[in-house]
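In what follows, a single structure is set out as structure tokens and then discussed.
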Amino acid sequence: MNIFVGNMQNIPFHIISGFLGSGKTTLLKQIIEKYSDKTKIGIIQNEFAPANIDGAGLRKDGKSIHLLEIKNGSVFCVCLMGSFVRSLEKFVDEVQPEAVIIESSGLSDTTSVAEVVSSGTLSEKIFLASNWCIVDAVNFSKVGLQKQRVVHQLRMADVVVINKTDLIKNGTDELKKEIRSINPFAEIKEASFCNVDFQLGGAAADKLYFSDQKALARPDISSMVIKSNKKVSEQALLSFLNEWSPKALRIKGFVNLSNDKSVAVQCTFGSVELKYIENLSQPGELIALTTEFSIHEWNKAFKKLK
9 MNIFVGNMQN IPFHIISGFL GSGKTTLLKQ IIEKYSDKTK IGIIQNEFAP ANIDGAGLRK
69 DGKSIHLLEI KNGSVFCVCL MGSFVRSLEK FVDEVQPEAV IIESSGLSDT TSVAEVVSSG
129 TLSEKIFLAS NWCIVDAVNF SKVGLQKQRV VHQLRMADVV VINKTDLIKN GTDELKKEIR
189 SINPFAEIKE ASFCNVDFQL GGAAADKLYF SDQKALARPD ISSMVIKSNK KVSEQALLSF
249 LNEWSPKALR IKGFVNLSND KSVAVQCTFG SVELKYIENL SQPGELIALT TEFSIHEWNK
309 AFKKLK
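Numbering (the numbering used here), first residue to last: 9 to 314.
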């Protein structure tokens, strides 16, 4: 079992994922256009190619941005994770942004994002505010051998944007059905040219400190993650979530059950939901945002589940 914990006080960290050509950079440009004049945003672009054409394009748009480019591999790959965490922490220290957004490579598997956000002293400076996945409505069915990477991107997403809907004739019902089978709790938005409303705060955190009450101090929010191969009964999991969710701003994730099925978990301010999904081919993962309990308390209770 792997356990990660971080204490967040001021910097939301957002992920934009999606397969090649889905519209990630288009969305990023819109975010920059909307926010860069009033918010100090740190942008991280990750590409497999040695030359980052998108990064050059962002600079030419004339907006004041702080850009960190990571090339020749995925930052979520174990082989690069250590160096990326160091680069990201240095970037945050030097730039001191009010929000950080990473545009991940189209070939990235984002399931290891928890390790990145919760690594070392970096965990004291950022927290995972939102995870967006952009889906190409025209070409989603053509990803072929890379389908598993796309599934992982969708599974980790809070918001899925079905982009390029202006270019399809048969609607999005079947595509939505497939997305729901992978991640039943993600918010699904439809768009052309990635024209969607993106909030820099993020879900539960917005309710606390991205409001008009800017004079109020932001609370200390602990972001914590448990990854485990443990299989538990559905009833035991429900009891666990009913006990802990009232103390959390949000709990989300995926858990393997003792009946060899898998469920998606979504808890917000005491409300608990479970939905069956396709069986996981990976360890279960639960992520919590809270101001009221520690990872040690939470993990101790989880380990007792049967």
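For each residue, glycine too, the CB sits at the ideal point set by N, CA and C. Every value quoted in this text rests on a predicted model; they were computed, and no experiment measured them.
Run of the alpha helix (DSSP H) containing residue i, from where it starts to where it stops
i	result
alanine 244	242–252
serine 189	181–190
asparagine 307	303–311
isoleucine 73	Premise fails: isoleucine 73 is in no alpha helix (DSSP H) and is neither H nor E.
lysine 42	32–43
N- and C-terminal bounds of the beta strand (DSSP E) containing residue i
i	result
valine 108	107–111
lysine 155	Here lysine 155 belongs to no beta strand (DSSP E); instead the alpha helix (DSSP H) covers 155–163.
asparagine 237	Counting along the chain, asparagine 237 falls outside any beta strand (DSSP E), and DSSP gives it neither H nor E.
glycine 50	49–54
Beta-carbon spacing of residue i, residue j below 8 Å
i	j	result
leucine 265	lysine 239	yes
glycine 50	phenylalanine 99	yes
leucine 75	glutamine 53	yes
isoleucine 295	lysine 269	no
threonine 33	glutamate 111	yes
valine 143	isoleucine 170	yes
leucine 208	arginine 258	no
isoleucine 190	valine 151	no
threonine 173	serine 200	yes
alanine 194	valine 168	yes
asparagine 139	aspartate 166	yes
isoleucine 19	isoleucine 40	no
proline 192	lysine 308	no
Straight-line gap, residue i to residue j (C-alpha atoms, nearest Å)
i	j	result
leucine 162	isoleucine 187	7 Å
valine 124	methionine 89	7 Å
lysine 255	valine 233	15 Å
histidine 22	alanine 107	8 Å
serine 302	serine 231	9 Å
glutamate 77	isoleucine 196	29 Å
alanine 223	leucine 183	Residue confidence for alanine 223 is low, a pLDDT of 35 falling below 50, so the modelled location carries little weight; the figure read from the coordinates is stated next. In a straight line, the C-alpha of alanine 223 is about 44 Å away from that of leucine 183.
aspartate 45	lysine 37	13 Å
serine 289	phenylalanine 262	11 Å
glutamate 305	leucine 313	13 Å
glutamate 281	cysteine 275	6 Å
glycine 26	glutamine 156	12 Å
cysteine 141	tyrosine 43	20 Å
phenylalanine 310	lysine 133	26 Å
asparagine 203	phenylalanine 148	19 Å
serine 241	valine 271	11 Å
phenylalanine 135	proline 105	13 Å
glutamate 300	phenylalanine 248	16 Å
valine 121	serine 236	15 Å
leucine 245	glycine 31	37 Å
aspartate 220	glutamate 286	For aspartate 220, the pLDDT reaches just 39, beneath the cut-off of 50, and the residue's location in the model is therefore unreliable, although a value from the coordinates is still provided. In a straight line, the C-alpha of aspartate 220 is about 41 Å away from that of glutamate 286.
arginine 226	alanine 137	Low confidence applies here, because arginine 226 scores a pLDDT of 45, under 50, leaving its location unreliable; read the following figure in that light. Going from the Cα of arginine 226 to the Cα of alanine 137 covers about 14 Å.
threonine 47	serine 126	24 Å
aspartate 205	isoleucine 24	14 Å
isoleucine 176	serine 113	25 Å
asparagine 178	aspartate 101	48 Å
serine 95	methionine 164	23 Å
asparagine 250	lysine 185	28 Å
valine 103	glutamate 198	34 Å
valine 273	glutamine 243	13 Å
Beta-bridge partners of residue i, as assigned by DSSP
i	result
tryptophan 140	Ile24, Val167
alanine 296	Met232, Ile259
lysine 150	Answer is none; lysine 150 lacks a bridge partner.
glutamate 198	Ile170
valine 271	Val263, Tyr284
serine 279	Thr276
phenylalanine 92	None; phenylalanine 92 has no bridge partner.
phenylalanine 135	Pro20
Expected contact under 8 Å - CB spacing of residue i and residue j to nearest Å
i	j	result
threonine 129	glutamate 97	7 Å
glycine 292	serine 253	Contact doesn't hold; Cβ gap of about 17 Å is too wide.
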